[in-house]
Amino acid sequence: MPGPLGRRPPSDWKHVDKYPLTASTAPAKPTPVVIGVNWYVEFDEPEKDAEGHYWIARDAKLTKVRGGHCVCLKPKGSNDPDAWWDFYNQGEEGACVGFGISRLTSQLNRKTYDGFWLYHEAQKVDEWPGEDYDGTSVRAGLDILRKRGHCVVKDGKTGLEALGEGIKANRWARSVDDVLTTLGYGGLDYVDVLNSWGRSYPHLTRMPAKVLERLWKEDGEVGLVTDR
Numbered sequence: 002m003p004g005p006l007g008r009r010p011p012s013d014w015k016h017v018d019k020y021p022l023t024a025s026t027a028p029a030k031p032t033p034v035v036i037g038v039n040w041y042v043e044f045d046e047p048e049k050d051a052e053g054h055y056w057i058a059r060d061a062k063l064t065k066v067r068g069g070h071c072v073c074l075k076p077k078g079s080n081d082p083d084a085w086w087d088f089y090n091q092g093e094e095g096a097c098v099g100f101g102i103s104r105l106t107s108q109l110n111r112k113t114y115d116g117f118w119l120y121h122e123a124q125k126v127d128e129w130p131g132e133d134y135d136g137t138s139v140r141a142g143l144d145i146l147r148k149r150g151h152c153v154v155k156d157g158k159t160g161l162e163a164l165g166e167g168i169k170a171n172r173w174a175r176s177v178d179d180v181l182t183t184l185g186y187g188g189l190d191y192v193d194v195l196n197s198w199g200r201s202y203p204h205l206t207r208m209p210a211k212v213l214e215r216l217w218k219e220d221g222e223v224g225l226v227t228d229r
């Protein structure tokens, strides 16, 4: 059964134009990236190659968009424990923005975070009225992470929000090269996707860089962060 989604594209792109990644703001070491993109039906069925790696849309053939989704891209040299694979499961709720950004924060700080908290707080500040709807924008999620921080989950209990668990700044990619360089994947032709559907989806899934480029051009948001 296909997993839940929940990313909403913004109505304008002023934030991308105002805060693009530049040479002076690029991270000095491999850093995780969060993306909000169209999720095609082909992505629901990763295929394993002869070396045991899972891929989505390796042939770059895409047909139908199922909705919008937010996921984290893993940087070079960083591991993602199996415990996090189990922990980050958005269930049936359209909370992918909260979970994708929380996975990014785990990659930065090596702790687990409350994806539902981030999701619901983002809904309070995004551009859509009220909170009785599914999903939110990557922009709103990163705004919360930057301005308020995050809530650590330890021993099954969610702690208080703490600014120090958040990020110092966030920028937006203007090219796929921005993404590959930030991840430390320069020279490679794929990225590694960390989803938020628990064990119902492979732990790590490769996406061709040319597919990511297409998604970015199709109203995609690609957030690049500076840690505190």
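Under my numbering, think of the first position of the sequence shown as 2, with each following residue one higher. Ideal placement from N, C-alpha and C gives every residue a C-beta, glycine not left out.
Exercise. Quick one: complete alpha helix (DSSP H) runs, 4+ long, within the region 164 to 192?
Worked result: 177 to 184
Exercise. How long is the line joining the alpha carbons of R200 and G101, rounded to whole angstroms?
Worked result: To locate residue 200, count along the sequence shown from 1; it is residue 199. To locate residue 101, count along the sequence shown from 1; it is residue 100. C-alpha separation (whole angstroms): 15 Å.
For this session: Report the rounded CA-to-CA distance for L216 versus V38, giving the unit in angstroms.
Result: Here residue 216 is taken as the residue at index 215 of the sequence shown, counted from 1. Here residue 38 is taken as the residue at index 37 of the sequence shown, counted from 1. Cα to Cα, L216 sits roughly 6 Å from V38.
Exercise. Just checking, does the region 207 to 223 make contact with the region 90 to 105 on the three C-beta pairs under 8 Å criterion?
Worked result: no
For this session: Express the C-alpha separation of G92 and V177 in angstroms, rounding to a whole number.
Result: Residue numbering aside, residue 177 sits at position 176 when the sequence shown is read from its first letter. Residue numbering aside, residue 92 sits at position 91 when the sequence shown is read from its first letter. About 30 Å.
Exercise. For W14, does the count of other Cβ atoms within 10 angstroms reach 16, so buried, or fall short, so exposed?
Worked result: What you label residue 14 is simply residue 13 of the sequence shown in a count that begins at 1. So W14 counts as exposed.
For this session: Assign W86 to one of three DSSP states: helix, strand, or coil.
Result: For the purposes of this step, residue 86 is identified with residue 85 of the sequence shown, where counting begins at 1. Three-state result, W86: helix.
Problem set entry | DSSP three-state assignment for N80, whether helix, strand or coil | In the sequence shown, residue 80 corresponds to position 79, counting from 1. Reduced to three states, the DSSP call for N80 is coil.
For this session: Name, in chain order, the residues that DSSP records as bridge partners for C71.
Result: Residue mapping note: residue 71 aligns to position 70 of the sequence shown, counting from 1. Per DSSP, G37.
For this session: Would you kindly report the start and end of the unbroken beta strand (DSSP E) that includes R207?
Result: Along the sequence shown, one-based indexing puts residue 207 at 206. T206 to P209 is the span of the beta strand (DSSP E), which, as asked, contains R207.
Exercise. Which same chain residues, not among the five before or five after P5, have their C-beta less than 8 Å away from its C-beta?
Worked result: Along the sequence shown, read from residue 1 onward, the residue named residue 5 stands at position 4. Closer than 8 Å at the Cβ level, and outside the excluded window around P5, lie Q91, G92, E93, E94, G95, A96, C97 and W198.
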